[in-house]
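Comments concern the structure below.
2 protein chains.
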Amino acid sequence: MEEQYEKEIVIETDFLKKNEQCANDIENLFKANQINAYDIMGSIGAGKTSLIIELVKKLKDKHNIYAIAGDLTTDIDAERIKEAGADVKQINTGKECHLDTTTIKNTLQDINLKEIDILFVENVGNLICPADYRLGTKKRIVVIAITEGPYMVLKHPYTFLSADIVVINKIDLSPYVGVEPDDLEKDLHKVNPKATVFQCSCRNREGIDALLKELLPEFRY
Amino acid sequence: MEEQYEKEIVIETDFLKKNEQCANDIENLFKANQINAYDIMGSIGAGKTSLIIELVKKLKDKHNIYAIAGDLTTDIDAERIKEAGADVKQINTGKECHLDTTTIKNTLQDINLKEIDILFVENVGNLICPADYRLGTKKRIVVIAITEGPYMVLKHPYTFLSADIVVINKIDLSPYVGVEPDDLEKDLHKVNPKATVFQCSCRNREGIDALLKELLPEFRY
Chain C
-1 MEEQYEKEIV
9 IETDFLKKNE
19 QCANDIENLF
29 KANQINAYDI
39 MGSIGAGKTS
49 LIIELVKKLK
59 DKHNIYAIAG
69 DLTTDIDAER
79 IKEAGADVKQ
89 INTGKECHLD
99 TTTIKNTLQD
109 INLKEIDILF
119 VENVGNLICP
129 ADYRLGTKKR
139 IVVIAITEGP
149 YMVLKHPYTF
159 LSADIVVINK
169 IDLSPYVGVE
179 PDDLEKDLHK
189 VNPKATVFQC
199 SCRNREGIDA
209 LLKELLPEFR
219 Y
Chain P
-1 MEEQYEKEIV
9 IETDFLKKNE
19 QCANDIENLF
29 KANQINAYDI
39 MGSIGAGKTS
49 LIIELVKKLK
59 DKHNIYAIAG
69 DLTTDIDAER
79 IKEAGADVKQ
89 INTGKECHLD
99 TTTIKNTLQD
109 INLKEIDILF
119 VENVGNLICP
129 ADYRLGTKKR
139 IVVIAITEGP
149 YMVLKHPYTF
159 LSADIVVINK
169 IDLSPYVGVE
179 PDDLEKDLHK
189 VNPKATVFQC
199 SCRNREGIDA
209 LLKELLPEFR
219 Y
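Structural data, given as structure tokens:
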């Protein structure tokens, strides 16, 4: 079996290297077109779509926003984001557990990038696999929900290490689940002291303005 | 890029085929030793560990229980299950997003199988990747939490198709998140009419006895 693992690792490295090269190309494409792009990662039901919706609502009157929504099947997320006021492309990955740069690059070819100010990429709902595949966005945002329990940060260090920003969502449910957002924040600072952390509730719109200020300091809302 | 994908698919099929063969070996091993084994899958924070703990508490006085807890890092889950009264082996998968049969087979070699009645395998917290890797257990149980929102069943059909039993957990939080367990159950019946569904709250111990009756009909508690 050892030989098999060796083979697997070589190929995986090769894929990651190619993905990294492609991420640099995409990054340059975003810079050339002055697009602020964000990769939104997080587990199923953490509130990635809800977060994008709240941001779109605040930004849509002054900015052109585009979203790429990754999911195994269905266009539920795309429809919800479109309703909030952004142009959206749904990518159905089938059984694939993360978005990669080849898919993003192909999708960008169909979009008039000159017309876009802000791009949100909603990654596939999975707190593990997307971390290894940088997509060339300006920042990577990881969304976690307080309802996921007290241990999820310490148990998934790799994803949090890859994050520039972490959003602790659903903090309005803290009293009902017995998990303190401050405790999660302490764990996050231990795992990745460089990440900026925001405590939010997409339902109550708590914390959204503070996050917006971090993403677009020049934006007056 | 097309050639690369072709290569990837061939290798993946090969891995899945080998995993399937190994799953059959493990299944025979469980049958020969009269072990009731269950693969518990589900997203991060769905309540897989809590469910195992509640089942262990009910069963430990009359049965010898062993648990294999899969996680990227830490032994938090293993410690919690051990405290409830089961022998536990923690498997840290590093960056690997699911358990496979090679890992399970190696782990079983260190255990005296003759002394075990019931084995719980807690898979890595991920609603996507573990579905493809059958582990040779008697049944596969998928745990979802009501806090993950209203769309998670329709958006992840493959995992639910692989399930014999689905546990809808955290139903006590239904009023606070506005998601009805009955609606999720309807979605589940659409996606996989053969799966048996239980609505549970590990916190209130609601639904645990009904699930136990399904797992071990002969067990009187």
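These protein sequences, in sequence, are chains C and P. Sequence positions in the first sequence follow the numbering used here and run -1 to 219. Sequence positions in the second sequence follow the numbering used here and run -1 to 219. Idealized CB from N, CA, C, for every residue including glycine. Predicted model, so just to flag it, every value in this text is computed and none were measured.
Could you have a look at residue i and say whether DSSP puts it in helix, strand or coil?
i	result
P/Arg132	coil
P/Val54	helix
P/Glu216	coil
P/Val164	strand
C/Gln19	helix
C/Glu146	helix
C/Ala44	coil
P/Ile206	helix
C/Glu0	Its pLDDT being 42, under 50, C/Glu0 is placed unreliably in this model, and the coordinates cannot settle the point.
P/Ile33	coil
C/Ile126	coil
Residue i and residue j: beta carbons closer than 8 Å?
i	j	result
P/Ser41	P/Leu125	yes
P/Gly43	C/Thr145	yes
P/Leu133	P/Leu27	no
C/Ala277	C/Thr135	One cannot answer for residue 277 of chain C here, as it falls past the ends of chain C, which runs -1 to 219.
P/Asp130	P/Ile63	no
C/Asp69	P/Lys153	yes
C/Glu183	C/Val165	no
P/Ile163	P/Lys137	yes
Please list, in chain order, the chain D residues whose beta carbon lies closer than 7 Å to that of residue i.
i	result
P/Asn124	Considering every chain present, this structure includes no chain D. Its protein chains are C and P.
Skipping 5 residues on each side, what residues in its chain have a beta carbon closer than 7 Å to that of residue i?
i	result
P/Asp73	Gln88
C/Asn190	Phe158, Leu159, Ala161
C/Asp12	none
C/Lys5	Note that C/Lys5 scores a pLDDT of 49, beneath 50, so its modelled location is shaky; the value from the coordinates is reported in the next line. Result list for C/Lys5: empty, nothing under 7 Å.
P/Arg201	Asp170
P/Leu14	Asp130
C/Glu0	Because the pLDDT of C/Glu0 is 42, which lies under 50, any placement of that residue in the model is unreliable, and the number read from its coordinates should be weighed accordingly. For C/Glu0, where only same-chain residues beyond five positions count, there are no Cβ hits under 7 Å.
Kindly give me the distance between the Cβ atoms of residue i and residue j, rounded to whole angstroms, as I take these residues to be in contact under 8 Å.
i	j	result
C/Asn17	C/Asp98	6 Å
C/Val119	C/Ile51	Wrong, their Cβ atoms sit about 15 Å apart, outside the cutoff.
P/Lys168	P/Ala143	4 Å
P/Cys20	P/Lys103	6 Å
P/Val151	P/Asp180	Actually they do not touch by this definition, with Cβ atoms about 12 Å apart.
C/Leu111	C/Ile33	6 Å
C/Val141	C/Gly45	6 Å
P/Leu171	C/Tyr174	6 Å
C/Asp177	C/Pro148	Strictly speaking, residue 177 of chain C in this sequence is Val, with Asp absent from that position. Indeed they touch by this definition, with Cβ atoms about 5 Å apart.
Given 7 Å as the limit, tell me if residue i has its C-beta closer than that to any heavy atom belonging to the ligand ADP.
i	result
C/Asp85	What this structure holds is no ligand at all, so the ligand ADP is not there to describe.
Short of 6 Å in beta carbon distance, which residues of its chain neighbour residue i, apart from the five on each side in sequence? Order them along the chain.
i	result
P/Gly83	Val54, Lys58
P/Ala30	none
C/Ala76	Ala67, Val86, Gln88
Skipping 5 residues on each side, what residues in its chain have a beta carbon closer than 8 Å to that of residue i?
i	result
C/Cys229	With chain C covering only -1 through 219, there is no way to say anything about residue 229 of chain C.
P/Gly205	Val165, Ile169, Phe196, Gln197, Cys198, Ser199
P/Thr91	Gly68, Asp69, Leu70, Leu97, Thr101, Val122
P/Lys56	Ile206, Asp207, Leu210, Tyr219
P/Arg203	Glu52
P/Arg78	Thr47, Ile51
C/Phe93	This sequence places Lys at residue 93 of chain C; Phe is not what is there. Here the set comprises Leu70.
P/Gln117	The sequence shown places Leu at residue 117 of chain P, rather than the Gln named in the question. Within the same chain, P/Leu117 has close Cβ partners Phe28, Ile33, Asn34, Ala35, Tyr36, Ile63, Tyr64, Ala65, Ile66, Thr135.
Subject >> Length at least 4, wholly inside the region 55 to 123 of chain P: the alpha helix (DSSP H) runs in chain order >> reply: 74 to 82, 99 to 106
**OP:** Tell me the start and end of each unbroken beta strand (DSSP E) in the region 162 to 200 of chain P that is at least 3 residues and wholly inside, in chain order.
**Re:** 163 to 167, 194 to 197
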